[in-house]
Structure formats: structure tokens, C-alpha cells
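Residues in the sequence shown are numbered consecutively from 88, following our numbering. Glycine included, every Cβ here is placed at the ideal spot set by N, Cα and C. This structure is a prediction, so every number in the text was calculated from the model and none was measured. Reading through the C-alpha cells given below for one structure.
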Amino acid sequence: MRKRVLGTNLRRLREDKGLALEDAATQLSCHAAKVSRIEAGKSGIRQLDLKALLDLYGVKDTDERESWLALARESRRQRWWRVLEDQLPQDFLDLVGLEDEVSECRGFQPGIVPGLFQTEAYATAVIQGGIAGPLNTDQQTKVRVRMERQKALTREDPPPLKVWMILGEAALRQQVGGAAVLHEQLLHLVQVAQLPNVTLQVLPFAAGACPGGPYPFLIYSFPPPAELEVALLENFASHAYLESREDTVRLSSAFDHLRASALSALDSEARIIQIAEELTDP
Numbered sequence: 088m089r090k091r092v093l094g095t096n097l098r099r100l101r102e103d104k105g106l107a108l109e110d111a112a113t114q115l116s117c118h119a120a121k122v123s124r125i126e127a128g129k130s131g132i133r134q135l136d137l138k139a140l141l142d143l144y145g146v147k148d149t150d151e152r153e154s155w156l157a158l159a160r161e162s163r164r165q166r167w168w169r170v171l172e173d174q175l176p177q178d179f180l181d182l183v184g185l186e187d188e189v190s191e192c193r194g195f196q197p198g199i200v201p202g203l204f205q206t207e208a209y210a211t212a213v214i215q216g217g218i219a220g221p222l223n224t225d226q227q228t229k230v231r232v233r234m235e236r237q238k239a240l241t242r243e244d245p246p247p248l249k250v251w252m253i254l255g256e257a258a259l260r261q262q263v264g265g266a267a268v269l270h271e272q273l274l275h276l277v278q279v280a281q282l283p284n285v286t287l288q289v290l291p292f293a294a295g296a297c298p299g300g301p302y303p304f305l306i307y308s309f310p311p312p313a314e315l316e317v318a319l320l321e322n323f324a325s326h327a328y329l330e331s332r333e334d335t336v337r338l339s340s341a342f343d344h345l346r347a348s349a350l351s352a353l354d355s356e357a358r359i360i361q362i363a364e365e366l367t368d369p
């Protein structure tokens, strides 16, 4: 993913300067096909070659240049989840890799607590899909990875993932795993919402219909110097990733309407606590 981000933004820099692939290839003393592979995220780039391209594209600021070089270094770093490549579906690995790379996430989940906020008991119930009994090996791996993903919220290097999530009221009431599991999950949501990098809002039933309909989505933003957002649409069978500016702008607009219709963060916390208390009422 970092290679794709790096390549996409190098292409942006080149096009902003009105240069062709051949111009970049001449700078690197290579064939244009090599530059094309770099821009497509199919090949990495040496620090020396990156410095040469930054010179060509007029990137002179020391801090900005270091950001580009750091992005290139990060694209070669081995990720913790790579050892699981033969155990998990590729689209799930793509999601894990995306959360490991981005700096911000905005999203809407109308019917279920999102994976980044799930307790282990809730995640187990979701992955079991309502089928009782012990988890099989694949399911155990998925639960473990889901718990590992949540470290993005409290990591130190890079800075913690900023998350602004809107939950439909149905997600707070669907008794996934039973009343006790949901009660624990709701209290955990209140705790997560206290993190300075997390904003949590509830879209109440009373809000009615909203732009975009009752469909879940996530919008991921990469840190500077990258200028790229990726939207994720999930369904029962797969994930769809949208990278065009038209798609991300459309979903960003839907998100803005949703957050305007949702309860404030403080009122959302009160609603979550209220629903949790209802679960313990005799």
C-alpha cells in the first residue's frame, strides 16, 4: 500500500510540473517502464533515485524531502501481519494493511460495532456468526488479528490513528453475543471514546433517512506528503476499495451530512450509557 501511495504521489508531482515519463526516466538514466512501475506501486524506489526525482520536481524544502524519503523507507518495512498471508483472505489482509498505513479514518456503521472498537467477546460472536461452539483455527486467527488491529488507536510510532466514527443506533441495540456481551461492549465504547484521537457519534433512529442510505463505509486518509484517500465499502462476501477523487468526495459529503444529523459526542456517550443500563434493568 505504501508503494502505491508513494507512486501515486510521485506521479502527481511529475504531472504538476508538466513532465512526461521519459523526463523522469532521463533523470534516473533508466527506461520509462521502470518509472511507470514505480508510479503504479509495483516497484520500490532507491533513496538515491527518489532524491533525484525530488530534485527534478522542485521539492527543495528539507522537511518535505525527509517526509518523502521516510515514506519510501516505510514501504520496505516488514509488517506484523505479513506472517498471516497464508491464513487470511486477501481482502481482509488489505484492510489490515490499510489501517496500519493511514493517519485518519472516518466512517459510518449502521448495524454493528466496527472492528477497531470491538471487545474480544463481541468480536468472537461476530466471527462465529451466531453459531455456537468453539472457534476453529481460522476463526481464532481472525479474532487475534482483530485485537491486534486495535493497537493502531494507541500506537506511538507512527502517531495513533485518528478515528471519527458514526454508529447507527441499531449497532448499539443488536444483542450480538447476548445481553452481557453487548453490555460489556457498550461500556468499552464509552472508554474508547475518551481517547483524544477518537470521536464517536450515534445516529439515532429519530434521524430518519440520510444521504447515502443505510450503507456502511470507511474513508481512509494517508499522512503527508501523500495526498490520497481510499474509501472502503464492505458487504457480506468482500471489500471494495475506491480510490477515485469523485468517489471519495461523494462519500465525504455523505459523512458530513451524517455527522450533522447524529447526536453530539457528549449526547452520544449519554445514549450509549442509557442503552447499556437498559440491558441490566430487571
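Next on the checklist: How far does the beta strand (DSSP E) with Phe-195 in it extend, from its first residue to its last?
Outcome noted: Numbered from its first residue, the sequence shown carries residue 195 at position 108. Start and end: 191 to 196.
Item to check | Distance, Leu-106 Cα to Arg-98 Cα | outcome: Walking along the sequence shown from the start, residue 98 turns up at place 11. Walking along the sequence shown from the start, residue 106 turns up at place 19. In a straight line, the C-alpha of Arg-98 is about 10 Å away from that of Leu-106.
Next on the checklist: Between the alpha carbons of Glu-126 and Gln-272, how many angstroms are there, rounded?
Outcome noted: For this step, residue 126 is matched to residue 39 along the sequence shown. For this step, residue 272 is matched to residue 185 along the sequence shown. When rounded, the distance between both Cα atoms is 43 Å.
Item to check | Cut-off 6 Å between Cβ atoms - residues of its own chain near Gly-202, not counting five sequence neighbours on either side | outcome: Here residue 202 refers to the residue found at position 115 of the sequence shown. Arg-233, listed in sequence order.
Item to check | Cβ distance (whole Å) where Asn-284 is taken to contact Pro-247 below 8 Å | outcome: Indexing the sequence shown from 1 puts residue 284 at position 197. Indexing the sequence shown from 1 puts residue 247 at position 160. Indeed they touch by this definition, with Cβ atoms about 5 Å apart.
Checklist entry - Going along the chain, which residues of its own chain have a beta-carbon closer than 8 Å to the beta-carbon of Glu-109, five neighbours each way excluded? => result Position 22 of the sequence shown, counting from 1, holds the residue named residue 109. Correct list, in chain order: Ala-119.
Item to check | Residue of Ala-349, Ile-362, Lys-121 and Ala-258 minimising C-alpha distance to Gly-94 | outcome: Working through the sequence shown from its first residue, we reach residue 94 at position 7. If we check each option's Cα against that of Gly-94, Lys-121 comes out closest.
Item to check | Pro-197 beta carbon less than 7 Å from that of Pro-301 | outcome: Here residue 301 refers to the residue found at position 214 when the sequence shown is read from its first residue. Here residue 197 refers to the residue found at position 110 when the sequence shown is read from its first residue. It is a contact, given that the beta carbons lie within the stated cut-off.
Checklist entry - Can you tell me whether DSSP reads Val-289 as helix, strand or coil? => result Sequence index remark: in the sequence shown, residue 289 carries index 202 (1-based). Three-state DSSP puts Val-289 in a strand.
Checklist entry - Taking C-beta to C-beta, are Val-268 and Ala-210 nearer than 7 Å? => result Indexing the sequence shown from 1 puts residue 268 at position 181. Indexing the sequence shown from 1 puts residue 210 at position 123. Contact: no.
Item to check | Endpoints, the alpha helix (DSSP H) within which Tyr-209 is located | outcome: Taking the sequence shown and counting its residues from 1, one reaches residue 209 at position 122. Run containing Tyr-209: 207 to 215, per the alpha helix (DSSP H) assignment.
Item to check | Through-space distance from Phe-309 to Leu-140, alpha-carbon basis | outcome: Locating residue 140 in the sequence shown gives position 53, where the first residue counts as 1. Locating residue 309 in the sequence shown gives position 222, where the first residue counts as 1. Those two C-alpha atoms are separated by around 21 Å.
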